[in-house]
Each structure stands twice: as structure tokens, then as C-alpha cells.
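Numbering (the numbering used here), first residue to last: 803 to 1224. Idealized CB from N, CA, C, for every residue including glycine. Fair warning: this is a prediction, and the values are worked out from it, not measured in the lab. What follows is a single structure, written as C-alpha cells, with notes after it.
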Amino acid sequence: MKLLALVDCDNFYASCERVFRPDLKKTPIVVLSNNDGCVIARSKEAKAMGIKMGVPWFQVKEAYLAQGGKVFSSNFALYGDLSKRVMNILDGMVKRIEIYSIDEAFLDLQHIQNKNQAYEFGVYCRNTIRQWVGIPVRIGIAPTKTLTKVASHIAKNTNDGTGVYCLKKQKDIFHILQTLPIREIWGVGHNLSRQLNQLGIYSAYELAQMDIRFIRKKFSVVLERTVRELRGEPCIQIDDHSEPKKQIVVSRSFRDRIESLSELKSLISNFAVRAGEKLRHEKQKCSQVSVFISTSRFNKQLQYRGFDSFQLPCPIDDTRSILMGANKVLNTIFKHGYPYAKAGILLSQFSHPAFIQKSLFETTDQLHLKQDENLMQTIDDLNSIHTQIYYASQCSGGLSPIQKKMVSPKYTTNWWELPTTK
DNA sequence: TCTGGGGTCCTAGGACCC
DNA sequence: TCTGGGGTCCTAGGACCC
803 MKLLALVDCD NFYASCERVF RPDLKKTPIV VLSNNDGCVI ARSKEAKAMG IKMGVPWFQV
863 KEAYLAQGGK VFSSNFALYG DLSKRVMNIL DGMVKRIEIY SIDEAFLDLQ HIQNKNQAYE
923 FGVYCRNTIR QWVGIPVRIG IAPTKTLTKV ASHIAKNTND GTGVYCLKKQ KDIFHILQTL
983 PIREIWGVGH NLSRQLNQLG IYSAYELAQM DIRFIRKKFS VVLERTVREL RGEPCIQIDD
1043 HSEPKKQIVV SRSFRDRIES LSELKSLISN FAVRAGEKLR HEKQKCSQVS VFISTSRFNK
1103 QLQYRGFDSF QLPCPIDDTR SILMGANKVL NTIFKHGYPY AKAGILLSQF SHPAFIQKSL
1163 FETTDQLHLK QDENLMQTID DLNSIHTQIY YASQCSGGLS PIQKKMVSPK YTTNWWELPT
1223 TK
């Protein structure tokens, strides 16, 4: 039987903050979202204090700090860099790896014959990452991706301290699924678990016993795959060649509400510029530019969501054309008198530059579109280290006036913030 | 007062083709 | 009055993930 492994970093953002602050080894740590709005990561100690994932910071701030907890604004430069280091190590250990998220990767253990070897490999993996990067990981090993998630879940709670769990024998699998609520299964979210509960299905074991045809008919092929995977039948393959992106989103919530069109325009311009950089980095061109603006979903009195798209006559990757499209959409969806809390831009309908369908009769100039690869390349180069070239419609202050009061240094990605020693 | 950001996949339905 | 059968492509919306 083929085995897969899921390597999952423990409380990743909180662990990253600890790498350069060993003094915080036992201290509760939480990391906040942009604008220091919500809690998006918690150390084990913070979890034990009852701090929930996604809770608004202002609700728990006082009690948490009073108990000696430590808080950080999010520092994605640091997390991204440490993630790369972890993934590089894993990449060197196996032939096939799928980097699933910033803190998770699936490994193909095709070179491993039996359960004991798999376990030893897991321990070796974990120790190496711990020693080389300083990040603790847990490892779940099983025949299918869905079961590696289950195994990783158990690895979190084992008392032997290895953080590695191998789930292989059918008897063990069923035994564990019996005590696992369906909401904990990878691929079963809030909605599905509610619907399944209504049918009297509560444990992963009960779900695994369901009739496949019934699940397919009543739900979808997605849940069917989950059921099969719980039974040990691999349906979701390791995807080790990253597909090109299909859409790019840049969006932010605002610290203060915004009512004026001109202010929104300059913020959307900032988003558009960043989206253009991402698009060119992906080596893609887009044919559709969408913009959305919305009031706070917690403001019950005054709610509005605007969304619309602009179809470009041919695929482009020039920021000036993206700005033009974004501006047009914003003008049509903007309504006066609303306190806007969030906005964003979405680029879609990508085509690879090698296969661009050009207009038969008109040049990009005649279509009133700007497209100049050399200019964009030059600007990207100039801005790569430190932004030097701005578009006239942009505003200063980055993507949006974001508040990050408690951000740690960019220890590994900025010369001026390297850790020092006395 | 203050509530994140960035993705993917699947399905149903409509438009259109021969 | 009677009006086929088999496709593709696109989009919106809903579900999920971290």
C-alpha cells in the first residue's frame, strides 16, 4: 500500500515569532490580522487560555494581556521566508511534494516500504526541520490525503511527544474515525456537517459507511471522494506541478470607514498596481478586471455591496490598462452615502503570453489599451527592492492605511532588521 | 470604536453550435 | 398541429481550504 505524509507546522505564525524570540518559549502568543483586527494564530498556551481562532482582538485584548500573553501584528515577510526554508528541506527528502499552503505539504512516501520505516522517516523529518529552521511540525502518515489529515490531527494530541502518527491498519482507522466528529474531516465544512447531522450522521465512521451512490446523488462528487478517501481509497492525487493561477485578488479592510469616491479611487489604484505586479510575476495576461466595494457586514443599518467587471478587448498585463478598467468599474458601482469598510480588485480570464489572441483589425493603441512589456519590466525592476515609481492615481502609504502596531522585525529578509548579538 | 486575505473546485443553467 | 440529440463554453453562486 502506498503511503502519503502530511507535514503541518504547529501554530505556524506563532512559532515563527518564537524562532528569534526564544525568551517567549513558554509565553502565550497570538498573531493578529491586518489592522490588528482578529486573532489569526495562537500558540498552544494561548489556545489553552481559551482564545478562539478568528475572534476580534478588542474582545479578548484586556483579559489576555492581563494574564501575561504576548501579541504580534502579522509579519508575512518573516512567515513566508521561514515557510520557504521548511519546504526546501522537505523537497530534498522526497521525490514528490505538494506545497499545499504556507504551513503544510503533502509528501509521497513511495520509497518507503512499511509502517515502521514511515514512522522513522517522520521523526527524522521533524527533527531536521526543528534543528535547521527552528519550527516544530507534526506529521500524519496514511494511505490517502484525507486520512493523513486525520493522522495529523491525532499527532497533535499524542502524549509520546514525537508529533508523528502513522495510520495504516484498517482496524485502527475505523476505531479512530468512530470518535472523530464529521466537522473535523478535511472537506466537510460548516454547511455540509449541518446537513449531514440532519441525516443522523455525526462521526467520520458513520460517514465512511454511507452508500456512495446516495452521497453522490444527494451531495456531490466532492463528498463522494471524501467518503472513499476515509475508506482508504486514494482519490485526491498529490499535485506536484503547481498549476498557473486562475485569478489574482488584492483586497483589504480599512481601519477607518471611507465615504469619498476619490479616496477609494486611490486605494483601488494601489490594489491594481499590486495586482499587476502579481500578474506579471505569474507570467500571465488577463482579460477581465473586476472591482468590489462593501460596507461592514456588522453594520446592520447601512449595507451595500458593489461588484462588477470590465471586459478588456484583448489580454494585457500592463498596469495602466488595469488601472483604466478598475477606474471604470469603480465609477459604475460606487454609491454615495455609504461608509465603506472593504474593497478589492480581482483579475481573471488569464492567458499565457505565448498564446495571445490578438484583435484582427485593431492595434492595442486603437483599442485605447496600453501594453508595453519593456516599460513594465523596467518599472518592476526599479520597484523590486524599494518602490520608487508610482502611478499618478495612487496614494502614499502602501496598499491601504493599515495599522500594525506590534509587528516584529523582518529578521530574515531585510538587512536593517537582521537579528544582532551582543 | 475596533471583526483578515487569498485561493480552488463543482454544479446548474443559459447561450450557442452542428 | 406536430418540433431531436448531442455537444461545448461560459458564468454565477455555493461550497470548501488555510
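Spatial neighbours of residue i within its chain, please: C-beta separation below 7 Å, excluding the five flanking residues on both sides.
i            : result
residue 835  : 842 and 876
residue 1070 : 1093, 1128, 1132, 1145 and 1147
residue 960  : 967
residue 822  : 1213 and 1221
residue 1007 : 976, 979 and 980
residue 1098 : 1143
residue 914  : 805, 920 and 923
residue 1059 : 1141, 1142 and 1143
Between residue i and the rest of its own chain, which residues show a CB-CB distance below 8 Å, the 5 nearest in sequence each way excluded?
i            : result
residue 958  : 812, 940 and 965
residue 1048 : 1150 and 1152
residue 846  : 812 and 813
residue 1171 : 1114, 1115, 1116, 1118, 1120, 1123 and 1126
Nearest to residue i by CA position, among the options, is which residue?
i            : options                   : result
residue 1190 : 1049, 1181 and 971        : 1181
residue 1057 : 1118, 1205, 1050 and 854  : 1205
residue 849  : 866, 839, 944 and 901     : 866
residue 1186 : 1064, 1080 and 1087       : 1080
residue 1085 : 863, 854 and 1179         : 1179
residue 973  : 1077, 1034 and 894        : 1034
residue 1215 : 1192, 1043, 1198 and 878  : 878
residue 1217 : 1060, 1082, 1188 and 1140 : 1188
residue 1087 : 1175, 859 and 1100        : 1175
residue 1078 : 929, 928, 917 and 1177    : 1177
residue 859  : 852, 840 and 851          : 840
residue 971  : 932, 933, 1224 and 916    : 916
residue 911  : 1134, 942, 852 and 932    : 942
Considering only residues of the same chain and omitting the five flanking positions on each side of residue i, which have a CB-CB separation below 6 Å?
i            : result
residue 885  : 904
residue 820  : 826
residue 944  : 950, 953 and 969
residue 814  : 905
residue 803  : 945
residue 1030 : 1037
residue 810  : 906, 940 and 954
Would you kindly work out how many angstroms separate the C-alpha atoms of residue i and residue j, rounded to a whole number?
i            : j            : result
residue 1092 : residue 1038 : 32 Å
residue 993  : residue 890  : 36 Å
residue 1053 : residue 1003 : 38 Å
residue 857  : residue 906  : 23 Å
residue 1045 : residue 900  : 11 Å
residue 1203 : residue 838  : 12 Å
residue 1210 : residue 808  : 29 Å
residue 948  : residue 987  : 7 Å
residue 868  : residue 829  : 13 Å
residue 1108 : residue 1102 : 16 Å
residue 1012 : residue 1036 : 17 Å
residue 1026 : residue 983  : 17 Å
residue 1018 : residue 991  : 17 Å
residue 985  : residue 995  : 6 Å
residue 1065 : residue 1192 : 16 Å
residue 864  : residue 1100 : 22 Å
residue 1050 : residue 1089 : 12 Å
residue 1207 : residue 873  : 10 Å
residue 938  : residue 1106 : 44 Å
residue 930  : residue 963  : 15 Å
residue 1024 : residue 1042 : 20 Å
residue 1165 : residue 1138 : 37 Å
residue 1020 : residue 1014 : 10 Å
residue 824  : residue 1155 : 47 Å
residue 756  : residue 844  : Past the boundaries of the shown model lies residue 756; the chain is included only from 803 to 1224, so the question cannot be answered.
Taking Cβ to Cβ, would you say residue i is nearer than 8 Å to residue j?
i            : j            : result
residue 1232 : residue 806  : Nothing about residue 1232 can be reported from this structure: the residues present for the chain run from 803 to 1224 only.
residue 1173 : residue 1110 : no
residue 1124 : residue 1194 : no
residue 909  : residue 925  : no
residue 1063 : residue 1136 : yes
residue 882  : residue 832  : no
residue 998  : residue 1032 : no
residue 1143 : residue 1068 : no
residue 1157 : residue 1130 : no
residue 919  : residue 1072 : no
residue 880  : residue 818  : yes
residue 935  : residue 898  : no
residue 1104 : residue 1140 : yes
Run the proximity test for residue i: is its beta-carbon closer than 7 Å to any non-hydrogen atom belonging to the ligand ATP?
i            : result
residue 1029 : This structure does not include the ligand ATP; it has no bound ligands of any sort.
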